[in-house]
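What the sequence shown shows, in full-length UniProt numbering, is residues 1 to 180, in sequence order.
Presented below is the structure to which this report refers.
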Amino acid sequence: MADLPVLVRPSELYRESFLAALREQQADGCGLEDSRAWTPAGVAADFPALLAHLNRFAPPAPVPEGFVPSEERWLVRGREYLGRVKIRHTLNDRLRQLGGHIGYELRPAARGQGYGKLILALALDRARELGLPRVLLTCDVENLGSRGVIEANGGECEGEFRLAFYEKPIRRYWIELDRS
Ligand SMILES: CC(C)(COP(=O)(O)OP(=O)(O)OC[C@H]1O[C@@H](n2cnc3c(N)ncnc32)[C@H](O)[C@@H]1OP(=O)(O)O)[C@@H](O)C(=O)NCCC(=O)NCCS
Numbered sequence: 001m002a003d004l005p006v007l008v009r010p011s012e013l014y015r016e017s018f019l020a021a022l023r024e025q026q027a028d029g030c031g032l033e034d035s036r037a038w039t040p041a042g043v044a045a046d047f048p049a050l051l052a053h054l055n056r057f058a059p060p061a062p063v064p065e066g067f068v069p070s071e072e073r074w075l076v077r078g079r080e081y082l083g084r085v086k087i088r089h090t091l092n093d094r095l096r097q098l099g100g101h102i103g104y105e106l107r108p109a110a111r112g113q114g115y116g117k118l119i120l121a122l123a124l125d126r127a128r129e130l131g132l133p134r135v136l137l138t139c140d141v142e143n144l145g146s147r148g149v150i151e152a153n154g155g156e157c158e159g160e161f162r163l164a165f166y167e168k169p170i171r172r173y174w175i176e177l178d179r180s
């Protein structure tokens, strides 16, 4: 039976597949803000540095002023990297406006096959484990894929907003986690 996709901690095990995903993403030009700045050559030159960077806000590490504790998890099937998700343990003023508790991206080759819904569903399981009663997600109004992912996971839209520090209109969604 084929391996089921699962969320794991970022690791060297997925190095080659992660680099292939970055090459796809460079051609595609769309993803989370941080990964758009990564190049396959730069990441390949020092993969441990990328792993350290991704883990920099993970408890119990102290978090610098203006940041919140958060963890990075990768969606993988066997040794294949499919996508990534950040789960923030709390919000600050800026994340309350833009970013929320959870952000995710799939490698281009894995999009449009239900993995978006899956990565968020697994991240919500993790948020429940962390004891969060509800989580905030934000996305661009024009990001129909992300809207579909959030709504399929029970997201309730709080409204559409324009922010002084971000160029596109956004939607904010809440997902209740403590409903039995
Ligand atoms: C957004 C993203 C995660 C969606 O993942 P995905 O695997 O393609 O989504 P899924 O296949 O799980 O689809 C979820 C739902 O949204 C819908 N959907 C997906 N892409 C869509 C699109 N481009 N337009 C309209 N609807 C779309 C699907 O139809 C599906 O609903 P359905 O089951 O009722 O048909 C993926 O496109 C991505 O990684 N984009 C780049 C990064 C990004 O935008 N991250 C989100 C930041 S908020």
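By construction, the Cβ of each residue, glycine as well, lies at the ideal position given by its N, Cα and C atoms.
Worksheet entry | C-beta contact flag for Ile119 and Val141 at 7 Å | The residue given as residue 119 occupies position 119 in the sequence shown. The residue given as residue 141 occupies position 141 in the sequence shown. No, Cβ-Cβ distance for Ile119 and Val141 is not below 7 Å.
Practice prompt. Give a single yes or no on whether Glu105 has its beta carbon closer than 6 Å to a heavy atom of ligand 1.
Written response: Along the sequence shown, one-based indexing puts residue 105 at 105. With a cutoff of 6 Å, Glu105 counts as near ligand 1, since its C-beta is closer than that to a heavy atom of the ligand.
Worksheet entry | Residues bridged to Tyr104 (per DSSP) | Here the question's residue 104 lines up with position 104 in the sequence shown. Answer is Val85, bridged to Tyr104.
Worksheet item: In or out: Asn92 buried (at least 16 other Cβ within 10 Å) or exposed?
Response: By one-based count along the sequence shown, residue 92 stands at place 92. Under this definition Asn92 is an exposed residue.
Worksheet item: Quick one: Cα of Ser35 to Cα of Arg172, how far?
Response: What you label residue 35 is simply residue 35 of the sequence shown in a count that begins at 1. What you label residue 172 is simply residue 172 of the sequence shown in a count that begins at 1. A direct Cα-Cα distance of roughly 22 Å separates Ser35 from Arg172.
Discussion item. On a Cα-Cα basis, can you pick out the residue from Leu137, Leu177, Asp28 and Pro169 that is closest to Glu129?
Written reply: Working through the sequence shown from its first residue, we reach residue 129 at position 129. Among Leu137, Leu177, Asp28 and Pro169, the Cα nearest to that of Glu129 belongs to Leu177.
Worksheet item: According to DSSP, is Gly78 helix, strand or coil?
Response: Within the sequence shown, residue 78 is the residue found at index 78, counting from 1. Residue state, collapsed to three classes: coil.
Discussion item. Measuring only from the beta carbon, is residue 222 closer than 6 Å to any heavy atom that is part of ligand 1?
Written reply: Here the chain covers residues 1 to 180 and nothing more, so residue 222 does not appear.
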